[in-house]
Amino acid sequence: MNHFSRVPAVLAGTIIIPLIVAYRFHSVAAYIVLAIWIGAAYWLGIRSIQSRIQEQYSHQTQELQQQMTQMLEQNKQLKQQSLDHKQEYTRLQQQSETIHATAIEAFSHHRHDWMNDLQLLYGYIQLGNRDRLIENIERIKEQMMTDSRVSKLGIPPLIFYLQSFKALNRDIQLEVEIEDGITLADRLGTEQSEELTRVIQETISAYQTSGGSSWGECPTLSIIIRNDDQEVQFIFEPEEVYPGPDQIWAAVNQLIEGTNITATRPEDDPASISLHIYPIQTGTSV
Numbered sequence: 044m045n046h047f048s049r050v051p052a053v054l055a056g057t058i059i060i061p062l063i064v065a066y067r068f069h070s071v072a073a074y075i076v077l078a079i080w081i082g083a084a085y086w087l088g089i090r091s092i093q094s095r096i097q098e099q100y101s102h103q104t105q106e107l108q109q110q111m112t113q114m115l116e117q118n119k120q121l122k123q124q125s126l127d128h129k130q131e132y133t134r135l136q137q138q139s140e141t142i143h144a145t146a147i148e149a150f151s152h153h154r155h156d157w158m159n160d161l162q163l164l165y166g167y168i169q170l171g172n173r174d175r176l177i178e179n180i181e182r183i184k185e186q187m188m189t190d191s192r193v194s195k196l197g198i199p200p201l202i203f204y205l206q207s208f209k210a211l212n213r214d215i216q217l218e219v220e221i222e223d224g225i226t227l228a229d230r231l232g233t234e235q236s237e238e239l240t241r242v243i244q245e246t247i248s249a250y251q252t253s254g255g256s257s258w259g260e261c262p263t264l265s266i267i268i269r270n271d272d273q274e275v276q277f278i279f280e281p282e283e284v285y286p287g288p289d290q291i292w293a294a295v296n297q298l299i300e301g302t303n304i305t306a307t308r309p310e311d312d313p314a315s316i317s318l319h320i321y322p323i324q325t326g327t328s329v
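With the working numbering applied, the sequence shown corresponds to residues 44 to 329, in that order.
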């Protein structure tokens with residue numbers, strides 16, 4: 044670009060040579076040469092200016108094309124991001140609606156159970172059956188204590204799953220036994236909590252789908268939750284004879300692959316499985 048800007052000035056400067064010659068000799072030939080020289084310098088100057096303008100135009104056009112390409116690419120990315128956000132919003136909205144529907148169904152089921160318990164207690168009061176009345180009050184009290192312990196586990200998805208399980212599953216009865224004072228919120232990180240919730244849900248599902256008709260009309264699966272300094276245990280014990288213990292054992296081992304969870308089972312009761320979770324230490328006491 045600097046080369047072309049100097050060309051017109053150089054050409055104009057060269058006119059001095061024939062001008063001096065014409066002034067010196069005052070001949071027709073000298074004036075003709077001067078005229079031709081001026082015309083050539085003018086023509087070359089115009090060509091130089093046109094070339095410079097064309098180069099500038101080409102450069103600006105190229106920059107505009109690059110900017111337009113970038114704008115189109117950015118617009119495409121923004122559209123894709125908008126679509127992704129819309130899909131994510133739709134997914135979260137559907138998930139929220141599912142959770143709300145599940146919660147409503149669970150509350151309705153609990154209300155129905157409470158009505159049945161109240162009617163049962165009222166019937167024993169009317170009959171004067173004090174022993175059965177006390178027995179059912181103790182049963183309700185124990186269930187309330189279990190629900191309270193479940194709510195203190197400290198992992199909201201797991202709590203919601205266990206407390207709503209009875210309302211959503213009719214083919215298996217879940218009995219939960221928890222040592223008093225157990226909370227996992229301060230022992231397990233987010234990733235471990237998510238892994239644990241997933242493994243427990245799918246383990247229960249494996250018991251449901253693999254039990255078969257040998258379990259009877261409504262089998263019972265007990266979950267015992269224990270906690271010590273080294274690990275947290277979730278012990279699954281089916282009350283009925285389990286028809287395919289090796290099948291559920293293989294399924295559980297596949298579930299825990301790549302996690303910080305291990306599984307064991309006693310030789311005398313292969314249908315019972317214990318999950319062992321070893322909390323990851325995130326800090327060191329000083």
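Glycine residues also receive a C-beta, built at the ideal position from the N, C-alpha and C atoms.
Asked                                                                                                      : Found
Minimum length 3: unbroken beta strand (DSSP E) runs contained in the segment 126-204                      : none
Neighbour-count burial assignment, isoleucine 323, 16 or more Cβ in a 10 Å radius                          : exposed
Closest Cα partner of aspartate 214 within the set Glu237, Tyr250, Ile183, Val193                          : Tyr250
DSSP bridge partner residues for isoleucine 316 (one or two, in chain order)                               : Phe279
Secondary structure, alpha helix (DSSP H): runs of 4+ residues fully inside the segment 59-116             : 59-68
Environment of tyrosine 100 [buried if 16+ CB atoms lie within 10 Å]                                       : exposed
Proximity below 9 Å, CB of isoleucine 142 to CB of phenylalanine 208                                       : no
Residues bridged to histidine 263 [DSSP beta-bridge criterion]                                             : Looking at the sequence itself, residue 263 is threonine, so the reference to histidine does not match. According to DSSP, which records beta bridges pairwise, threonine 263 is partnered with Gln216.
Cutoff 7 Å; reference asparagine 296; Cβ partners in own chain excluding five residues on either side      : Ala306
Closest residue to serine 253 among Arg241, Gln273, Val284 (Cα-Cα distance)                                : Val284
Within 9 Å, strictly: CB atoms of isoleucine 278 and alanine 314                                           : no
DSSP three-state assignment for alanine 306, whether helix, strand or coil                                 : strand
Three-state secondary structure assigned by DSSP to isoleucine 323                                         : coil
Whether isoleucine 168 touches threonine 189 by CB criterion (9 Å)                                         : no
Same chain only: Cβ atoms within 7 Å of leucine 135, ignoring 5 sequence neighbours per side               : none
Span separating the alpha-carbon of glycine 197 from that of glutamate 140                                 : 23 Å
Nearest residue (CA-CA) to asparagine 303, options Ala144, Leu318, Gln109, Asp289                          : Leu318
The alpha helix (DSSP H) enclosing alanine 331, as first and last residue numbers                          : The question about residue 331 has no answer, for the chain in this structure spans 44 to 329.
Cβ separation of isoleucine 320 and leucine 231, assumed to be a contact under 8 Å, to the nearest whole Å : 7 Å
DSSP bridge partner residues for arginine 269 (one or two, in chain order)                                 : Gln276
Isoleucine 225, DSSP secondary structure in three states                                                   : coil
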